Structures are given as structure tokens and as C-alpha cells.
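Here's the structure, in C-alpha cells; my notes come after.
What follows is the structure in C-alpha cells.
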């Protein structure tokens with residue numbers, strides 16, 4: 008093992024290099040581009056042996072990834088924002104066809120107006136495409152979750168999206184522990200199965216009448232739902248190698264908290280500081296970070312919220328006409344009514360620990376009772 | 175030449191009687207053999223190949239989204255290369271809507287990269303699977319449900335062969351089911367060449383073009399003889415005309431098809447002009463780059 012100072016994008020590229028990927032198909036988009044540039048340089052130097060299809064669009068990036076995966080390859084791609092939205096149709100197709108593709112997404116706001124900065128509305132609006140979704144909060148998590156994603160995707164036969172807030176995670180340079188050979192026994196296990204074999208000619212995705220379509224979709228729902236348990240198994244193995252533990256939900260702070268801060272991605276890093284400040288001020292608080300958003304970790308969240316007085320969900324995303332998306336998911340899944348949703352940080356707007364502390368205090372003092380948009384002006 | 179006897183495609187497929195695209199696939203697979211993987215986007219062949227659990231092509235088929243044929247095929251090839259499987263042919267098989275229109279970008283991408291695939295467009299000159307709407311492959315004067323008389327199509331069909339030729343790929347050919355040995359030879363040649371190959375097949379459609387289902391081969395032949403559909407190849411940039419048109423009376427081709435029943439006289443003339451112009455262009459190219 009060695010330590011390198013890397014942004015999330017570089018960390019992802021290193022993980023891809025070490026993951027015995029057969030095919031990469033990708034199209035450039037800020038702030039993802041440095042992932043595929045790094046991969047191209049690894050291939051050019053001979054450090055990575057993969058076919059890199061330089062496609063003409065994101066729609067084709069995912070389409071080529073599907074073909075490569077259906078033929079039995081381990082496949083990676085990366086995108087962001089508009090590119091992810093352009094893939095939308097093919098995202099459904101990849102998941103429906105049970106193809107274990109792994110994709111990194113740099114979370115970036117959706118235009119108009121043009122923005123290249125962090126926001127999670129892009130990937131959260133792909134919520135229903137059938138992809139497993141992880142949200143990394145820092146470079147190390149991005150690196151580690153990539154390895155877990157390849158194994159998980161192939162284990163449950165379902166594609167995985169690893170999301171990182173644009174610039175805040177993709178480009179913030181931090182020390183990252185990079186594996187040497189010790190990751191080999193974990194990542195060299197490939198559970199890819201070719202769907203297209205000339206000796207056993209099958210048609211994949213043929214027209215299904217209702218009596219055939221329903222069972223296929225029930226099976227797909229079971230497949231992605233099984234990812235929660237399978238992730239735990241793989242995480243156990245990964246922990247033995249890395250001494251780092253990943254769970255669908257990460258918890259930090261006091262039990263029976265007066266206030267729980269829920270965050271995902273880079274907001275969770277900020278929330279760590281907020282929780283420390285609140286606890287210092289004598290307010291029992293806790294961070295609940297959603298690491299795996301799909302399948303939705305309902306049971307893990309119920310456990311994490313035990314004894315919580317109030318819950319503040321910080322969403323760097325918005326469903327127009329409704330509000331924060333993870334807040335809505337939590338309330339919908341758990342049926343609880345002590346939750347306040349705070350939409351914040353759209354288009355890369357800063358969200359500081361002091362903002363979170365103030366919101367937490369205002370909620371406890373009854374000053375904030377309804378969902379709100381946190382925006383102090385320019 | 176003897177047409178291979180082995181039938182890879184099964185006979186109980188779901189094509190309409192007299193479907194040119196079903197006959198084309200049957201011949202194509204005879205030429206390519208069993209070690210072929212086919213990618214099919216939204217098109218008539220989505221249905222022809224059979225519903226869930228069926229696979230009448232008899233080779234592996236990946237049904238895919240409308241615009242993705244060439245990209246999916248490129249992806250399959252990439253993995254096969256990594257696996258060292260170089261004896262498998264990857265073929266995209268799309269209609270004219272999936273080729274001339276919605277799939278053109280992915281097609282251009284694969285052609286520019288020179289991905290090692292055979293891309294086939296079976297061209298029935300409209301969106302037939304959705305019930306006969308005009309595409310950019312619909313000829314001047316043709317009536318469709320979105321170009322009903324008197325607003326029949328007034329623009330010439332795109333020149334797919336020349337669009338792909340502009341990408342400098344190793345092999346491009348046109349074919350029809352009226353000349354089966356010519357068609358089979360072209361698929362065999364495409365299989366033998368590395369890189370991007372395009373085969374453009376005219377695919378008469380009895381319900382869409384409105385003619386009796388026993389006339390498919392006859393209409394395919396008339397298309398060549400009247401000069402409506404030119405049989406030629408572009409191999410490594412060299413043009414070769416496979417069959418010089420006899421320039422039979424165009425009306426003979428038009429009058430046999432109901433889709434031209436309401437074509438006004440000036441449109442017929444425009445179609446004749448377009449045919450003449452394309453032939454003259456091709457002649458020049460064949461002379462200079464033959």
C-alpha cells in the first residue's frame with residue numbers, strides 16, 4: 008500500500024486501473040473528464056490493458072458499455088449531469104438487461120442556466136432507472152467503493168453508479184491509501200457471465216407480453232434489492248484487506264441525539280464538523296450519511312434514527328414543486344414526521360458547517376418547522 | 175455460386191408474408207454462418223425475431239434501444255477482442271428509421287472509429303413497424319400516414335451509402351433479395367474484411383408499399399432495373415457498379431405499388447430526375463475511383 012494525494016476523479020481512475028477492466032467507453036464532460044483522461048494515459052503507458060471506445064456521445068457510451076458487458080466483459084464508464092441525462096434511456100436498458108456495468112458520475116447541476124458545479128439532481132433524477140447508487144464523500148471512499156462496485160454489480164447482476172459531488176469530491180486533493188497486490192484476491196474475482204454466446208444462441212430483451220413482462224420486472228426488483236445484503240458480505244471481505252468499513256448508512260456522533268443531520272456526498276463531510284460543533288455546545292447530535300441510495304437502506308435508517316428527537320435532511324438537489332429528494336425518500340420509506348428538509352447548495356453554492364449548526368439550533372428552538380431552502384443571498 | 179443449404183434462421187418467424195427483411199436475414203445468415211452475434215434496435219425485426227423466449231434468427235440477438243445499434247455492436251466487438259475471439263462476426267441489423275434517422279449518430283461514430291462490425295440497414299423506406307410513417311429514407315412522391323396525399327414526400331431520400339463513404343471505411347455495398355448470390359457474396363466479403371462495413375438492402379414491404387406479397391422479388395428486381403436502387407460496392411475507396419440499370423420505365427415500378435398511387439405527375443418527374451442525377455454521380459465516381 009502507498010499513499011498518494013489524489014482528487015476523487017484520480018482515485019476512481021486508479022481503482023479502474025487495478026480492477027481488470029476489459030472495456031471502457033466514455034465521452035468527455037466537465038467535471039468528469041479527468042477520470043477518462045487518466046485512464047487513457049494508463050492505457051497509453053501500458054499500465055492498463057483495456058479497450059477504450061471513444062464514443063461520439065454519452066448515449067453511445069452507455070450503449071457500447073451494454074454491448075461489452077453483454078459479451079461478458081468487465082466494463083467501466085464515467086459521466087456527469089447533461090451526459091447522464093442523455094444516457095437516461097440506456098440506463099434503464101442496462102439495468103433491465105441485468106448488465107453489471109460500473110459508472111462514475113460527477114454530480115453537477117443541470118442547465119439552464121449553465122453550471123458545472125456540484126448538485127445531485129442529475130443522478131437523483133435517475134433514481135428509477137434500476138441502478139444501484141453510491142455517494143462518495145471523499146477521494147478514499149470513491150476509490151474503495153469502486154472496487155466494491157465491480158464485485159457487487161457482478162454478484163447481483165445489476166449496474167452500479169458511483170456518485171461524487173463535482174469539484175468538491177472529484178477535484179479536492181486528499182491523501183488516499185492505494186492498494187498494492189493485496190487487493191488482487193478481492194478484485195480478480197470476476198462473476199461476469201456472457202449473455203451472447205454463439206454456442207447457445209439466445210435473444211436478450213425480446214418483446215414480452217404482460218404475463219412475461221411482470222415476472223421479469225419482479226425478478227429485477229429482487230435482484231437490485233438483494234444488493235443491500237450482498238454489499239455487507241463484500242464489505243466484510245473488503246474490510247479484512249483494507250481495515251476500512253463501508254455500510255449502506257454511516258453514523259457518527261451521539262446516541263439518542265436531539266438532532267440528527269442527514270447528508271449525502273460532500274455535505275456529509277461538512278456535517279461531520281457541524282456535529283462536532285453542536286456536541287461541543289452541549290447539543291446531542293449525530294450525522295447519518297446515506298452511502299447507498301439505491302437500493303434504499305430503509306432498515307439501516309430506522310436503526311440510525313433510533314431515539315432521535317428531530318431530523319434535519321440536507322439535500323443538495325431539488326425536485327421542483329416538491330423539495331429535497333432524499334428527505335422525501337426518508338419520509339416515504341419510514342413514515343416519520345419529525346423530519347425537516349433543507350434544500351441547499353444548488354449549482355455549487357457553499358454550504359458551511361455554521362449553516363448546518365444554525366439550522367439545527369433553529370429547528371430545536373422551533374424557529375424552523377417547515378421544509379425550507381437554505382439561501383442567504385449572494 | 176451455390177447458395178449454402180444450411181438454414182440458420184428458423185422458418186416460423188413473425189414477419190408479414192412477403193417481407194423483404196425476413197428473406198434478407200435468411201440469406202445474410204447463410205453467408206455469415208452460426209458464429210454471428212446480431213444487434214437489433216426497435217424495428218420490424220424486433221417482432222420478426224419472436225416474442226419473449228423465442229429467437230428465430232438462430233444466432234445470439236441483443237435487442238436494443240432505437241439509436242444504439244452501432245454502439246452496442248462496437249461494445250460487443252471490444253469485449254470479443256479482449257477475449258481473443260476473432261472468429262465471431264458482429265452484425266448490427268436495423269431498419270431505415272434506426273439507420274437514416276435516429277441511429278445515424280451512433281452509426282457515424284462507429285464508422286469513424288472503424289469498429290470491426292457489419293452494419294446492415296434493411297431499408298423499407300418508412301417506419302413500417304409503427305404503421306408506415308415517413309423517414310428520411312422515404313422516396314419522393316411516396317404516400318405514408320404522415321405524408322398523406324396531397325402532401326406526399328417532396329424531398330429525396332438521403333444517400334446513406336455516400337454518407338458512410340465519407341467516413342473512409344473498408345467496405346460499403348448495396349444489395350437486394352432479387353440477386354441472392356450477389357447479396358451473399360457481399361456478406362462474405364464484408365465478413366472477410368476487418369473494420370467497419372455497411373450493407374444497404376432494399377427491403378420491399380407488402381403492407382407498407384402496398385403490393386401483393388408474391389411481388390417482393392419482382393419489385394426488388396424492378397428497383398434495380400429502373401435505376402431506383404443502384405447495386406454497387408465501395409471497397410477500400412474503389413467504386414464498382416455490380417449491375418448497370420436497364421433504365422426500364424419508372425412507371426412500371428411505381429404503378430405496382432399503392433404508395434405511389436396518388437403521386438402527382440410533377441413528383442414522378444422529380445423522382446426520375448433524382449434517379450438520373452444519382453446515376454450520373456455514381457458513373458463519375460466509378461470512372462474516377464474504380
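Protein chains in written order, with this note's numbering: chain A, 8 to 385; chain B, 175 to 464. Cβ atoms here follow ideal geometry from the backbone N, Cα and C, with glycine treated the same way. Keep in mind it's a predicted model, so treat the numbers as computed, not measured.
Not flagged as an interface residue toward chain A: residue 273 of chain B, since no C-beta distance is shorter than 8 Å. When secondary structure is reduced to three states using DSSP, residue 267 of chain B falls in the strand class. The region 306–317 of chain B and the region 431–444 of chain B touch, with no fewer than 3 CB-CB distances between them shorter than 8 Å.
Collapsing the DSSP output to three states places residue 371 of chain A in a helix.
The Cβ of residue 214 of chain A sits closer than 8 Å to at least one Cβ of chain B. The C-alpha of residue 25 of chain A lies about 40 Å from the C-alpha of residue 327 of chain A.
Look at residue 73 of chain A: its C-beta is under 8 Å from a C-beta on chain B. Close partners of residue 27 of chain A in chain B (Cβ separation under 8 Å) are lacking, with about 10 Å as the shortest Cβ gap.
Pairing residue 351 of chain B with residue 448 of chain B, the inter-Cα distance amounts to about 23 Å. In this structure, the CA atom of residue 422 of chain B is about 22 Å from the CA atom of residue 380 of chain B.
Here the alpha carbons of residue 15 of chain A and residue 177 of chain A stand approximately 4 Å from one another. With respect to residue 29 of chain A, residue 58 of chain A sits close: the two C-beta atoms are nearer than 8 Å. In this structure, the alpha-carbon of residue 293 of chain A lies about 10 Å from that of residue 257 of chain A. For the region 234–318 of chain B, the full-length beta strand (DSSP E) segments reaching 3 residues or more read 235–237, 263–268, 292–297 along the chain. Straight-line measurement puts the Cα of residue 208 of chain A at about 14 Å from the Cα of residue 200 of chain A. In the DSSP assignment, residue 218 of chain B falls within the alpha helix (DSSP H) that extends over 218–222. Taking 8 Å as the upper bound for CB-CB distance, residue 360 of chain A and residue 145 of chain A are not in contact here, some 15 Å apart. Inclusion of residue 215 of chain B and residue 277 of chain B in the CB contact set at 8 Å is warranted, their separation being smaller than that value. Within a 10 Å sphere around the beta-carbon of residue 200 of chain B sit 16 or more other beta-carbons, which makes this residue buried. For residue 209 of chain B, the C-beta contacts it makes with chain A under 7 Å involve 205, in order along the chain. Annotation: residue 79 of chain A to residue 202 of chain A spans about 7 Å, alpha carbon to alpha carbon.
Partner residues in the beta bridge of residue 330 of chain A, as assigned by DSSP, are A/326. DSSP places residue 214 of chain A outside both helix and strand once states are collapsed to three, so it counts as coil. Here residue 148 of chain A carries a helix assignment [DSSP, helix/strand/coil]. Contact between residue 87 of chain A and residue 173 of chain A holds, since their C-beta atoms are separated by about 7 Å, short of 8 Å.
DSSP places residue 73 of chain A in the uninterrupted alpha helix (DSSP H) bounded by 65–77. Per DSSP, reduced to three states, the secondary structure at residue 195 of chain B is helical. Against residue 223 of chain B, the close residues of chain A are 210, 213, 214, in the order they occur along the chain (beta-carbon pairs closer than 9 Å). Taking a cut-off of 8 Å for Cβ pairs, the region 337–349 of chain B and the region 368–379 of chain B touch, as three or more such pairs fall below it.
In the DSSP annotation of this structure, the continuous segment of the beta strand (DSSP E) that includes residue 348 of chain A starts and ends at 346–350. The secondary-structure analysis by DSSP pairs residue 170 of chain A across a beta bridge with A/112, A/142. Taken through DSSP and simplified to helix, strand or coil, residue 365 of chain A comes out as helix. In the three-state reduction of the DSSP assignment, residue 407 of chain B falls in the strand class, which pools E and B.
Residues of the region 381–413 of chain B with a C-beta atom less than 7 Å from some C-beta of chain A do not occur.
At a cut-off of 8 Å, the C-beta of residue 58 of chain A has a neighbouring C-beta in chain B. Residue pairing for residue 270 of chain A: DSSP places it in a beta bridge opposite A/296.
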